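Position 96 of the sequence shown, counting from 1, maps to 133 under the working numbering, and the rest follow consecutively. By construction, the Cβ of each residue, glycine as well, lies at the ideal position given by its N, Cα and C atoms. Everything numeric in this text was worked out from a predicted model, so none of it was measured.
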Amino acid sequence: MMAEVFRASISLFIIMSPFSSIPIFLAVTRNVRNKLKPASQAIIVASVTLFTFLFLGQEIMDIFNISLSALKIAGGVVLTILGIELVLGTSFIKAEEGDYSPAISLIGTPLLTGPGVIVSTMIFTEEYGYIVTVISAVISLTASWLILLCSEYIDRFIGDFWRETISRITGFLLVAIAVEFIVSGVKLTLISP
């Protein structure tokens, strides 16, 4: 069970890619001295989205008659696109001036809990069960919250070069996870009657 929790936690954390959210988070909260409230708001939005799909994902799949193999292949394609965007340094959203609340919601979803995390959560629930997936989700969300909370210090410490380097490495790992999803989905499709 520990190995499954470790694997799922690392995968979710890589897919969430909280380091990539630091520049956007800092841009929309630049006039906010205490980062606790906006960081918490972003994680609450991310958590609600993640846990909704964690617990209701199977029902949603059943309603639309989506198989696990199709979900894995589709998730792999989405993760590949997200990974390539990270590797190339493409921005997901543009930070807006003024009130940070709408932008914080966008950091929660789709940046932290986007299509890749949603699909991965549903796949992990199918493969590992609810307990492992819930523990992994809580670990990943907590780590992401801490990173957003300490974003100013992290940004000063690692600087632009290392943040970009971490983002690109994360993107590469994301593409590798995506390929695993696609291969696994194709295998499931080929062996199912």
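According to DSSP, is residue i helix, strand or coil?
{"i": "residue 70", "result": "coil"}
{"i": "residue 151", "result": "coil"}
{"i": "residue 229", "result": "coil"}
{"i": "residue 101", "result": "coil"}
{"i": "residue 38", "result": "coil"}
From what residue to what residue does the alpha helix (DSSP H) around residue i run?
{"i": "residue 181", "result": "167-186"}
{"i": "residue 57", "result": "55-65"}
{"i": "residue 108", "result": "105-125"}
Return the chain-ordered list of same chain residues with a C-beta closer than 7 Å to the C-beta of residue i, the five sequence neighbours on each side being excluded.
{"i": "residue 146", "result": "82, 83 and 86"}
{"i": "residue 177", "result": "46, 49, 50 and 53"}
{"i": "residue 231", "result": "What is shown of the chain runs 38 to 230, which leaves residue 231 out entirely."}
{"i": "residue 152", "result": "115"}
{"i": "residue 108", "result": "98, 156, 159 and 160"}
{"i": "residue 215", "result": "113, 116, 117 and 120"}
{"i": "residue 226", "result": "106"}
Give every residue of the same chain whose Cβ lies closer than 6 Å to the Cβ of residue i, excluding the five residues on either side of it in the sequence, and list them in chain order.
{"i": "residue 208", "result": "120, 123 and 124"}
{"i": "residue 190", "result": "none"}
{"i": "residue 172", "result": "42"}
{"i": "residue 110", "result": "219 and 222"}
{"i": "residue 188", "result": "59, 62 and 63"}
{"i": "residue 181", "result": "53, 55 and 149"}
{"i": "residue 210", "result": "51"}
{"i": "residue 231", "result": "Missing from the structure shown is residue 231; the chain here goes from 38 to 230 and no further."}
I'd like the list of long-range same chain contacts for residue i, defined as Cβ closer than 8 Å, with 5 residues on each side in sequence excluded.
{"i": "residue 135", "result": "Summary for residue 135: the model assigns pLDDT 45, below 50, so the residue's position carries little reliability; its value from the coordinates is reported in the next sentence. So no residue of the chain qualifies."}
{"i": "residue 91", "result": "158, 159, 162, 167, 170, 171 and 174"}
{"i": "residue 93", "result": "none"}
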